[in-house]
Each structure stands twice: as C-alpha cells, then as structure tokens.
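From first to last, the protein sequence lines stand for chains P and Y. Take 1 as the starting number for the first sequence in the numbering used here and just add one per residue. Take 321 as the starting number for the second sequence in the numbering used here and just add one per residue. In what follows, a single structure is set out as structure tokens and then discussed.
There are 2 protein chains.
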Amino acid sequence: MAGRDNSTSNRKLDLAARAAWLYYIRGRTQDEIATELNVSRQNAQRLIALATSEGLIKFRMDYPITECVEMAERLKDRFGLVFCDIIPGERRDEAPVAGIAISAAERIESYLSSKAPAVLALGTGRTLRAAVAQVSSMERPQHKIVSLVGNLTRDGRASPYDVAMRLCDRTGAQCYPLPTPVVADDIEQRKLLQSQRWYKTVSSLVLQVKASFMGIGEIGWGSPLHVDGFITDQELADLVSSHAVGEMLGWAFDQDGVLLSTAFNERLTAPPLIVPAERPTIIMGAGAAKAPAIRAALRGRLANGLITDETTAVRVLELD
Amino acid sequence: MAGRDNSTSNRKLDLAARAAWLYYIRGRTQDEIATELNVSRQNAQRLIALATSEGLIKFRMDYPITECVEMAERLKDRFGLVFCDIIPGERRDEAPVAGIAISAAERIESYLSSKAPAVLALGTGRTLRAAVAQVSSMERPQHKIVSLVGNLTRDGRASPYDVAMRLCDRTGAQCYPLPTPVVADDIEQRKLLQSQRWYKTVSSLVLQVKASFMGIGEIGWGSPLHVDGFITDQELADLVSSHAVGEMLGWAFDQDGVLLSTAFNERLTAPPLIVPAERPTIIMGAGAAKAPAIRAALRGRLANGLITDETTAVRVLELD
DNA sequence: CCAACGTCCGGGCAAATGCTCAAAGAAGGC
DNA sequence: GCCTTCTTTGAGCATTTGCCCGGACGTTGG
C-alpha cells in the first residue's frame, strides 16, 4: 500500500469534511452522520470538530450590519481611508482575531481572484497568519506575494508566522520572502543586507504592489513585537522613551503617526514604507491596547485601509 | 419615526447577524449571546436560526474530498466537460439542493468577480433559485444577466423563481429578463413574440455570454416543469410519448440528448440552445430521477459543465 | 516477548440546543 | 371601544452536543 501516514490522514480529513458537510450544510444530526459514515456518534462529533479546527469548513457572514457600516463610514471620512471594514464587537476585551482574519481573507481573495497578475505585499503577525489560514486554496500562479518584513528573529530562528509563504502554499502564487532578520544588528549590517540582490528584487516588487496587508502593533510591555522576540528589552525601552506608540512592519511611529528616526528604525531591513500610503495599505488589528497605535497610523497616513472591530473603532474615534 | 416595518426588520436582521456572528465565528454559547445582546436565551436561538435561514451567515467547504474529485474527473473525461463539481452524497434519496446551490453560487461568483464586463445567462428552477440566494451581494454594475427562459407561467402569472432578477438585485448587475411565457400558445404567437425588440436584445446578448447556468429536469409525472405549471398535462403526455427524457430551459430532448422536434419545442419562446455547447454551459441537479436526463444532456453535448452529487454521478456513469 | 507509552475508542453525563405550547401583545376589523 | 386574529414571548422539556474517563489497541524500545 502507499504511504500510510499521508493516506490515512487524507482519509480522515475526507471523512471529516463529509461529516462537516452533512452537519452544517445538510443540517443532519451527529447521530445521523454517524450512521451515514459508519462511525460512532462520538467520532462523528470529533470529525466535525476536526473539520472546523482545520478550516475545512468555513463560516462567512454576508450581511452589512448597520452600525458596523456606519462606523466604517465615519472612519473613512475622518481618515480618508480607501477601505474600511468593521466587524461586530463584544463587551469582552479579548481581540476577535477570527473575525478580523475572515474579513482580511475575503479582501485578499478579492485581489487574488483577478486574472491579471498582481503583486500583493504582506507583513507578519498572528492576525495576518490567521487571515491567510482563512483564504481558500486556489490555483493562482500568476500572482506574486512579497513579504514586507524579514522572517527571521534576532537569533536566526525562522519566524513561526511566515505568512507570505503560507499564502503562496495555498494559492500557488510566487513567493518573495525577505530572508533576513527583522532588524539588523547595526546600520552597517543593514546596508550590507540591502545590497543583496534579493533585496533589490523585493524593493522593485514593492513598487508594483496592488495592495499591502499588515498587522499593527502597540509599543509596550507585552506588545507583539516584543513577546515574539523580534526586539530585545533594551530596544523596547528605547522605543518607549522616544514616545513610540505603535509600529507597522517594525517601523515605529509616534502618536501623530510620524515615523521615528531612532536607531531602531534605521536598522530595519525591510524596504521603507511609502508615506503617505498610495496603493491600498490595509492594517488590521483590534483590542483596547492597539487603539492608540491605529489612530496614530491613520493620522499619519501610514495606512489607508483598516480592518478592526466595533469596540476598537469607537476608541479610535474617541481618541481623536 | 421612519417607516417602522423596514426599520424594525433591519434591526432584527442586524441583531440576527450579530447573534450568528457570535455563535459561529466567535464560538459563544447561546446563553452568552443572550446576555451580550440583552435578549432571552430563547430569542438568541431564534435569531441564530433566522440568520441561517435568511442566509446572513454562510457555510462553505474548502476541501477537495478525494472521491468527489475523482468522480468529477471521470465525468469530465467521459463527457468532455470543461467544468464539473461533485458534492458529497448521502444514502438518503432527497436531492441535496443546498449543497448544489453553494457550489453553483461559488461558480457564479467567480464570473461576477471579474472586473471586465461579462454577460451571464441563467435558467430557472428551484436549484438555481437556491444558488442565487447563496451568492454574496456585491456591487457589480458592469455585468449583465440575461434570462434564458420566460418568466411567466402559461396563465400570465409571474414565476415565483425569477432567478435573473434576484441575482441582479444582489449584485447590481443589469438584468435582461424574458418577459414572456415559457411556451407560446402556438407557433404563430411564438413568431410574434420573437419579433419584439427585447427578444433581439436578449438573443444578441446570448451570443456574448461568458457562461450559462441552468437546472435540468426530468420528464414525467411530478417533474419540475409540470408541477410548477409551465406545461399542461396534455403537453407532458405528448412529451412522454415522444420519448423525451429531460429538458433544459424547456427544451425537451431524448435519451441521446437530441433535441426533439416536437410541437412543444417549436413553441418555446426562448432563444435556441447552442449545440454543441461552446461557452461554459453548466447544468445542475441531483436525484435518482434526474440521472437519465443528465446523462442524455451530457451525451448530446447540450451542456459542458455539471454540478451534482456523488450518488447521482454514480448513476449517470452506470447508465452509460 | 513484554513493558511502557501514546493514541484512539466509545460509554456516560452535564451542558447546550431546538422545539412545543400557552400566554401576552400588537394589528386590524367592526 | 372592543373583539378577533395573527405574531411574539419565554417557560418547560426532549433531544442533541461536548467532553471526561477508563479501557482497548497499537507502537516503540528494551
């Protein structure tokens, strides 16, 4: 028999897909599904759970909630956005990653669905990673995905969130990662890295992007940039003391969305941000902590597109 | 206050959308949702049910089930199809309209998502109606939807399944319905109807279609064409005795997929079918009763695309 | 060959869900 | 204004679902 591991896992996923199909689309009960698929009731339930957790089956909302739309319009007006999507909020304060991911995935799909070859640029982070996981797999070899941020941590480990690569896997697009640390050790090293050929490839692609998608981080203890090990404690402290409130792709900015000219920003290996944003540049993120960063980024025209939730949207507008 | 009816219904749908969002996307329980939205637990459950039945929230499967893919390949090979999607089957013999509708909706969306103006042609029927209901609403005024079949029953009632119109509502596309009965009373009347200006508009559009989508019906007592009142008992009897096994858009054909030259076909008001199908012409339908009709249509090259379920697919291949 | 470990399975149970029903409430007719 | 009728509401209850756990099964290393 053929390679057992792969084949059994496929068989299992097939079964899981069937179970989920029967459950969500045909509306059968787990008991009926169990009979249909000749498994125990518990197994049917496990299969359904597997299918949802593996993203075999997806939930999409296709209804514009009045308040969300209104909020999006207000943000568009206030900050001159070309795109804004607000997902429903909740009183709880955990960030609704799943929802943002779905919205972002739809947006990404809309670019990928075009026949004409397009270049999309991606940042990193948990949210973007979740978003990419929500993108349907499709055969789109004509497109190019370029990573706007190095995929190595300081110590050379590959980032667990190599988002561009994942998206290319799912879509068959051509991948242009940035095989460098996010920040170089010093300006010399950055110059060296940027003189490499792949850097020139990436930076010329960046000029052709149809749209960019990136997370947004707040600066502070517990901020994503820090807990994921992209920057050291010392660097974080420096950023805080130079009044950084947020970062996109590592570029730190102050409360007016002005990029800081700190030592830190000078060491970033990525191509520079285009300010004010010209092509659709969409930031995504939610949570009370991120609101000041989002507001700053939008004020400074570092981004012209936003995906967030109602709660955060309200805060962003209040802060202003 | 403004028009109460519309406003309350919107408010309700908004709430339903929120409930469904929290339930399916955030994974909250109905109790939590009830608290969050300040409604009773009961109401939360009703809102979620409403949202699913109204299609506010959608379930999509994004996983190619091995057996379905294989079956699709076999059908493609056997009948020279340009497109084939097989959805999972079940032992039960009711037709899985919902699943077929979803697949068709995705296919329709893929055409509508293109920026370049496109013309799509639609038939009628329950399945197609369900499919259109699954299409996401979007703003696509550049496209044209043309109806391939009259939208009036014999006695002048508008068909409850005016599918083209519905799709245009959801997408903002331009609608070209066929404001005639499906069948004229006699050949003279058909000639008269076809000399009208709108008929020329429609038939010239038909030549430009990017793709056509239509249901397929079997001929017999209880067949869709008959129970929906498009044809009389007498007409049905005539069709049966002239060995019709199926129809697409009203055009009856025999077991080899050859269009019949019966009085009935001569009275159809729609533009003639293009045989063999040139552009993607996708038929959809499932159920044991439809299998012979599907096989015939594919043999006769009346269609070159198919959406059906596993069970029906097996039958179609067995019959051959 | 056996033991130790990890995985998978199904029974059982508590929580969550869907449904029925009777009562309250709103809309409309007289 | 009052009665009729249709809709909406929440309580109660049967069903369905999610999850824990002990046991079976399979795998690895001795």
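Ideal Cβ placement from N, Cα and C applies to all residues, glycine included. All values reported here derive from a predicted model rather than from experimental measurement.
{"query": "My guess is that Phe533 of chain Y and Ile25 of chain P are in contact by the Cβ rule of under 8 Å, so how many angstroms apart are they, rounded?", "result": "Not really, about 20 Å apart at Cβ, beyond 8 Å."}
{"query": "Closest to Leu637 of chain Y by C-alpha separation, out of Y:Leu367, Y:Arg394, Y:Met458 and Y:Met604, would be which residue?", "result": "Y:Arg394"}
{"query": "Given a threshold of 16 other Cβ atoms within 10 Å of its Cβ, counted over all protein chains shown, does Lys144 of chain P qualify as buried or as exposed?", "result": "buried"}
{"query": "Contact between the stretch 133-142 of chain P and the stretch 196-213 of chain P: three or more CB pairs below 8 Å?", "result": "no"}
{"query": "Indicate whether the contact test is met: 3 or more Cβ pairs, each with one atom in the stretch 234-245 of chain P and one in the stretch 277-291 of chain P, closer than 8 Å.", "result": "no"}
{"query": "Can you tell me where the beta strand (DSSP E) holding Phe253 of chain P begins and where it ends?", "result": "Trp251 to Phe253"}
{"query": "Between Y:Thr631, Y:Ile602, Y:Leu370 and Y:Ala633, which has its C-alpha nearest Leu652 of chain Y's C-alpha?", "result": "Chain Y is shown only over 321 to 640; residue 652 of chain Y falls outside these bounds and no answer can be derived."}
{"query": "Measure from the alpha carbon of His546 of chain Y to the alpha carbon of each residue in Y:Leu525, Y:Ala572 and Y:Ser524, then state which is nearest.", "result": "Y:Ala572"}
{"query": "Once the 5 residues before and after Asp482 of chain Y are set aside, which same chain residues still bring their CB inside 6 Å of it?", "result": "Asn471"}
{"query": "Per DSSP, Phe403 of chain Y is paired with what?", "result": "Y:Gly625"}
{"query": "Any Cβ of chain Y within less than 8 Å of the Cβ of Ile48 of chain P?", "result": "no"}
{"query": "Helix, strand or coil: which one does DSSP assign to Pro535 of chain Y?", "result": "Sequence check: residue 535 of chain Y is Gly here, not Pro. Residue state, collapsed to three classes: strand."}
{"query": "If we count the other Cβ atoms within 10 Å of its Cβ and call it buried at 16 or more, is Arg615 of chain Y buried or exposed?", "result": "buried"}
{"query": "Going along chain P in order, which residues have a C-beta closer than 8 Å to the C-beta of Arg338 of chain Y?", "result": "Ile65 and Pro88"}
{"query": "Identify the residues that DSSP records as bridge partners of Gln494 of chain Y: which are they?", "result": "Y:Lys464"}
{"query": "Please give the ranges of any beta strand (DSSP E) in the stretch 583-633 of chain Y, keeping only runs that are unbroken, at least 3 residues long and fully inside the region.", "result": "601-604 and 625-629"}
{"query": "Got a sec: which bits of the stretch 391-422 of chain Y sit with their beta carbon under 8 Å from any beta carbon on chain P, in order along the chain?", "result": "Ile407, Pro408, Glu410, Arg411, Pro416, Ala418, Gly419 and Ile422"}
{"query": "Kindly list, in the order they appear in chain Y, the residues whose Cβ is closer than 9 Å to that of Met61 of chain P.", "result": "Ala337, Ala340, Trp341, Tyr344, Ile345, Ala371, Leu376, Ile377 and Lys378"}
{"query": "Using a 10 Å radius around the Cβ and a threshold of 16 neighbouring Cβ atoms, would you call Arg411 of chain Y buried or exposed?", "result": "exposed"}
{"query": "Tell me whether the beta-carbon of Ile594 of chain Y lies closer than 8 Å to the beta-carbon of Gly566 of chain Y.", "result": "no"}
{"query": "Using only alpha-carbon positions, find the residue among P:Ile216, P:Gln45, P:Pro88 and P:Leu207 that is nearest to Leu342 of chain Y.", "result": "P:Pro88"}
{"query": "Run through the DSSP bridge pairs and tell me what Lys378 of chain Y is partnered with.", "result": "P:Arg60"}
{"query": "Can a CB atom of chain P be found closer than 8 Å to the CB of Ser433 of chain Y?", "result": "yes"}
{"query": "For Leu205 of chain P, verify whether its CB is less than 7 Å away from any heavy atom of the ligand FAD.", "result": "The ligand FAD is absent from the structure shown, which contains no ligands of any kind."}
{"query": "Is the beta carbon of Val529 of chain Y less than 8 Å from the beta carbon of Leu588 of chain Y?", "result": "no"}
{"query": "Contact check, Arg338 of chain Y vs Ile65 of chain P under 8 Å by CB: the rounded distance?", "result": "6 Å"}
{"query": "Any beta-carbon of chain Y closer than 8 Å to the one on Asn38 of chain P?", "result": "no"}
{"query": "Tell whether a beta-carbon distance below 8 Å holds between Gly445 of chain Y and Gly535 of chain Y.", "result": "yes"}
{"query": "Can you give me the C-alpha to C-alpha distance between Gly443 of chain Y and Leu47 of chain P, rounded to a whole angstrom?", "result": "37 Å"}
{"query": "Determine the contact status of Phe83 of chain P and Gly222 of chain P, defining contact as a CB-CB distance below 8 Å.", "result": "no"}
{"query": "Could you work out which residues of chain Y lie near Ser261 of chain P, taking near to mean beta carbons separated by less than 9 Å?", "result": "The premise fails here: Ser261 of chain P is roughly 41 Å from chain Y at the closest Cβ pair, so nothing lies under 9 Å."}
{"query": "Terminal residues of the continuous alpha helix (DSSP H) containing Gly99 of chain P?", "result": "Val97 to Leu112"}
{"query": "Can you pull the chain P residues whose beta carbon is under 9 Å from the beta carbon of Leu448 of chain Y, in chain order?", "result": "Within 9 Å Cβ-Cβ: nothing; Leu448 of chain Y doesn't reach chain P, min ~18 Å."}
{"query": "Within the same chain, show all residues whose beta-carbon is closer than 6 Å to that of Ile551 of chain Y, passing over the 5 residues directly before and after it, in chain order.", "result": "Leu545"}
{"query": "Examine chain P for any beta-carbon lying closer than 8 Å to the beta-carbon of Asn363 of chain Y, and answer yes or no.", "result": "no"}
{"query": "For chain Y, is any of its Cβ atoms less than 8 Å away from the one on Leu13 of chain P?", "result": "yes"}
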